[in-house]
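Going down the list, the protein sequences come from chains F and D. Counting from 1, one number per residue, gives the positions in the first sequence under the numbering used here. Counting from 1001, one number per residue, gives the positions in the second sequence under the numbering used here. Note that the Cβ used here is the ideal one computed from N, Cα and C, for glycine as well.
2 protein chains.
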Amino acid sequence: MPTNLSVSESDLHSLACMLLDRIECAFEAALDRAAILCARDGRLDGRRLDDNQGLCYELALIRADLLAAQTIVGAVANASAIDAALGLAFAADTITGLFGKLEAIYFECGLDTCELQALATGENVRRLRNEAGGMAALAKLGKLVADADGEIADVVLDEPTAMARDAFRRFAGDVVAPLAEKIHRHDLTVPESLLQPMREMGVFGLSIPEEYEGHAPGGRENTPMMIAVTEALSEASLAAAGSLITRPEILARALMAGGTEQQKAHWLPRIAAGNPLCAIAITEPDYGSDVASLALKGKRTEGGWLLTGAKTWCTFAGKAGLLMVVTRTNPDKAAGHRGLSLLLVEKPSHDGHEFICEQQGGGSLRGRAIPTIGYRGMHSFDLVFEDYFVPDANVVGGETGLGQGFYLTMAGMVGGRIQTSGRALGVMRAALTAAIRYAKDRKVFHAPLIDFQLTQIKIARMAARFAACRYLAYAVGRQIDEGAGRMEASLVKLFACRSAESVTREAQQIHGGMGYAEETAVSRYFVDARVLSIFEGAEETLALKVIAKSLLEDALSHINARGA
Amino acid sequence: MPTNLSVSESDLHSLACMLLDRIECAFEAALDRAAILCARDGRLDGRRLDDNQGLCYELALIRADLLAAQTIVGAVANASAIDAALGLAFAADTITGLFGKLEAIYFECGLDTCELQALATGENVRRLRNEAGGMAALAKLGKLVADADGEIADVVLDEPTAMARDAFRRFAGDVVAPLAEKIHRHDLTVPESLLQPMREMGVFGLSIPEEYEGHAPGGRENTPMMIAVTEALSEASLAAAGSLITRPEILARALMAGGTEQQKAHWLPRIAAGNPLCAIAITEPDYGSDVASLALKGKRTEGGWLLTGAKTWCTFAGKAGLLMVVTRTNPDKAAGHRGLSLLLVEKPSHDGHEFICEQQGGGSLRGRAIPTIGYRGMHSFDLVFEDYFVPDANVVGGETGLGQGFYLTMAGMVGGRIQTSGRALGVMRAALTAAIRYAKDRKVFHAPLIDFQLTQIKIARMAARFAACRYLAYAVGRQIDEGAGRMEASLVKLFACRSAESVTREAQQIHGGMGYAEETAVSRYFVDARVLSIFEGAEETLALKVIAKSLLEDALSHINARGA
């Protein structure tokens, strides 16, 4: 029996594990069925997948809920008492919700629901629900979370990671936080007074191996460290701190995966030093998540390529000195994603919301920052390339890298997605602690808001959701370093970003009118959180094209193996 | 059999009605039990209510879902085929959700769940779910909604209301919409170029009887008309048009309920003419929804009162020439809400974000607009009164009106809340139609977004929710005109405002990155929608203090009657 749990908690813990196991079986039965619905001749079929998008979307959401509950329940047996209670509360809420969602999927797939219903209506569910997820239990838990000032979800980190986390949290609180509101409200560019100390602290080289002057020890990536630093910085500001890491993260992983030795030796130390700063140009005005249709074209010229076309939502393109541009180098449209390459575009760094770079040979690159409701500080740019020259040396992977752009981008994306879940964690933690602080300070009906049951319940649910995201993100981070976790990176991104929306929304409600005022930080957390489910892979794209597809492929290969 | 429904739809319709009836019974059983838990000696007990806030909150949310489903299912038997399908789709989704929520409440109250579970797992639920709420049915429905450009939820309106609605929709589209983005993004004050035509169109006198030069015919209020105009204006802009009605609505209803004949004759025609514009000052910095504790004090002086204290979130206070100020006229704190009166404060109209009014006798009133993430155009002000003189003639109800401030405010609030649901309707309709337009225009993976099943399903669910809100709001509007619907006004406000958050969120997701850009109207709909659950009674306050309390009181009086 885990020593941090009381007898009755340990009992509930076993019960939650047992229920989650049974739900896992029920989910796998639905997956098998869905895989057959979406397959033709033993392989997933594009048309059938399209005809079952609604089903696939729900499957991805269910998988996310379920994996989050399994992960936190699995982890908290060795965690603090408060985390153990949060894990059980999350499991109780989630299990109840999962029965409804699974039943809908069973109906949809034409599966018999008898067993599922017997499980859902059993005494075990009632017990878990009442003892871990009932109103009295949640209220008590919310009070504990408030007493702890929201310092919960204490994931085990190795010593260097814990130290980095502490150092960056101090830096974020002391240096970033005082500037965050101003940068947001005046839509400023992240100032050098923030960038320079972050360069010195190694923010830009977190996933770059030491041999390339980065900070990932032992020649391998250190994803938990990257998440921890991201989270610490995002707690103070998503846009002026926590998101600085995304772009070097994507670019470094793409270079590690496909760059020539010379490119790695040249660029990785520079990226790690934050000099130049980087940006990633993938999305085009006419193509959002449909990477295979990208049209910005590169035309061969002497010694390199001339780029012509448009990109959009290129974050930090103004300030950046290096853009990773997904470019169609094979003019044959039929080549689809196999006609794409990664080109490294160098440009001068610009402050401000617009820029023009003109080359001596007549090429140009124009940029315009797109005004957004939040996520301000780095600016996301519309870019127009006209015969912009890029030398051959800047094709990632050199001549053999031509046509590899799609795969290298995807290699980078895994890093971008897990990093984004770290950003969501930081925003959630900021919202949770702000809500707790306000609820302690604010008096209504002659008592502090935190003394009211509904406030305590809301705090408990926000905290349980945050804790589930946090345990999941770090668990996936460790998987990624072991070479796995590709689908899970999308899954935790989906789950944490949706969670950040609901947690920041509830934090606003606790603030009442003040939650809507720009002078209150929680209003910024809310508009910032809204971007998370849209960028770095919109949730619909991740759910359908990555998560559901991967789940169904796995299910199908098991089915085929059984059949063989 | 209703003639607009096919045989199978008519069958499903009967089935939905039957299920909702059974759920109603199940809900009432939970209410009875909750009423007993919250009572002492046959009366609701404040302490016990506080100990059961979590339960009460859930009861209010369940009642809202259930009433919405009952109302739309009841109404659409006589509506268009598309509305009939939307009603069934909403019922199917809602009924599935309600079982989970009811079960949680049953667990919480210690009620036996056998019957509820038997109902939930019955063949009827599966049939309704599959035929009206399954993915294929939703996708088909979403396509129909898109083909109709979102012109759905065709509530029956009398001829004058339908005409007014059409006229205001045209005006809103032609005159308001072109200015809406600029007003929002530059945080401007609603310009006279919008106010003057709205004055002429009678916007400010919608609920003021004709005898007082308003536009409510036959001497009675016309709430559906007020909702229809609000909705039409809010579709173009929540803040620069649809919300102009809220304040005259609250003030006129308070005056009608408690003003002297002389006050009504003096003020109502002026308010109806929009000259002066009005504002309502209730909330104080230290007291949000806790009206009984309000502290801004009025001190008797010769011929009137001197006001000293602070108010906050007083929307339109700058532009307004008349403020309804809830004032503590009885210095005895123990008088609680019986010590409050309504004073009509006159002041010059100011444009801009700050103002100072100084009186000859030395009194002053200062105002400062609070910057907010949305709902921009009218500005919500912090106000500081210092010995600001108000003549006796401006005490609503005269000498006998002293101490009546709380009751008169509440009379006005019912109007403010139903009006706010009209605002939510307008924002939702705008988001829905924007999402449809974008989904038709935008191509991904070589086809318009609307051709994808997940888009269709999302559109169907958004439309079904909007339709449910709309049928409910107008039904409650009619009840209010019959002197009832007080609790229901809060309920529809709660339901429609939460719905506006989810509908605008989904509309953003359909827009992808563009949904986050300030240049795309849907980003404004999203930040505007966020205010709706916060102001005019925060959702927690409405759920606990109005809805749950009223439901439990009713349940208790039935229990007591049965016992007697």
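In the structure shown, the three-state DSSP call for F1381/D is strand. Using a C-beta cut-off of 8 Å, the stretch 153-163 of chain F makes no contact with the stretch 184-204 of chain F, since fewer than three inter-stretch Cβ pairs fall below that distance. The DSSP assignment places no complete run of the alpha helix (DSSP H) inside the stretch 339-371 of chain F (cut-off: 4 residues).
The bridge partners DSSP lists for Y287/F are E284/F.
Neighbours of G1100/D in chain F, taken as residues at a C-beta separation under 8 Å, are given in chain order as T96, G97, F99 and G100. For C1469/D, the enclosing alpha helix (DSSP H) begins and ends at Q1453 to D1481.
Not flagged as an interface residue toward chain D: E181/F, since no C-beta distance is shorter than 8 Å. Put simply, the CB of Y1057/D is near chain F, with a gap under 8 Å to one of its CB atoms. Assignment of K1297/D by DSSP, reduced to helix, strand and coil, places it in the strand class. The stretch 227-272 of chain F contains, as complete alpha helix (DSSP H) runs of 4+ residues, the segments 246-258 and 261-272 (chain order). For the stretch 1493-1508 of chain D, the beta-carbon criterion of a distance under 9 Å to any beta-carbon of chain F is satisfied by E1501, R1505 and Q1508.
Near chain D, meaning a CB-to-CB distance below 9 Å, the residues of the stretch 516-528 of chain F are Y516, A517, E518, E519, S523, R524, F526 and V527. Nearest C-alpha to A1077/D among V1156/D, A1039/D and V1145/D: V1156/D. Under the Cβ criterion (8 Å, minimum of three pairs), the stretch 476-488 of chain F does not count as touching the stretch 526-540 of chain F. Per DSSP, reduced to three states, the secondary structure at L1449/D is helical.
Under the 8 Å Cβ criterion, the stretch 356-367 of chain F counts as touching the stretch 380-397 of chain F, having at least three qualifying pairs. When Cβ-Cβ separations below 8 Å define contact, R1247/D makes no contact with chain F. Rounded to the nearest angstrom, the gap between the Cα atoms of A265/F and L402/F is 20 Å. As for any alpha helix (DSSP H) of minimum length 4 sitting wholly inside the stretch 1493-1544 of chain D, the runs are 1521-1532, ordered along the chain. Your pair A64/F and A555/F does not check out as a contact, with CB atoms roughly 16 Å apart and the cut at 8 Å. Residue-level contact by beta carbon fails for E1211/D and chain F, as no gap is shorter than 8 Å.
Shown here, Y375/F sits in coil according to DSSP, grouped into three states, outside any helix or strand. Contact annotation: A1104/D and T96/F have beta-carbon atoms nearer than 8 Å.
The stretch 1037-1114 of chain D contains, as complete alpha helix (DSSP H) runs of 4+ residues, the segments 1046-1051, 1053-1075 and 1081-1109 (chain order). Contact annotation, D1481/D with E1151/D: C-beta distance approximately 26 Å; criterion of less than 8 Å not satisfied. Using a Cβ-Cβ cut-off of 8 Å, F1452/D counts as an interface residue toward chain F, since at least one Cβ of chain F sits closer than that to its own. By the neighbour-count definition (other C-beta atoms within 10 Å, threshold 16), T1504/D is a buried residue.
Using beta-carbon distances, S1008/D does not count as an interface residue toward chain F, since no partner is under 8 Å.
In the three-state scheme derived from DSSP, where H, G and I count as helix and E and B as strand, G304/F is classed as strand. Here L1544/D has L1049, Q1053, C1056, Y1057 and A1060 as same chain residues with Cβ atoms under 8 Å from its own Cβ, once five neighbours each way along the sequence are excluded.
Flagged as an interface residue toward chain D: K443/F, by a C-beta distance shorter than 8 Å. Between A30/F and L111/F, the C-beta gap is smaller than 8 Å, which places the two residues in contact. Under the three-state reduction of DSSP, P276/F is assigned to coil, being neither helix nor strand.
The three-state secondary structure of V1155/D, taken from DSSP, is coil.
When 7 Å is used as the limit between beta carbons, M1135/D is near these residues of chain F: G54, L55 and E108, in chain order. Of the candidates C1109/D, D1332/D and A1439/D, the residue whose Cα lies closest to the Cα of E1506/D is A1439/D.
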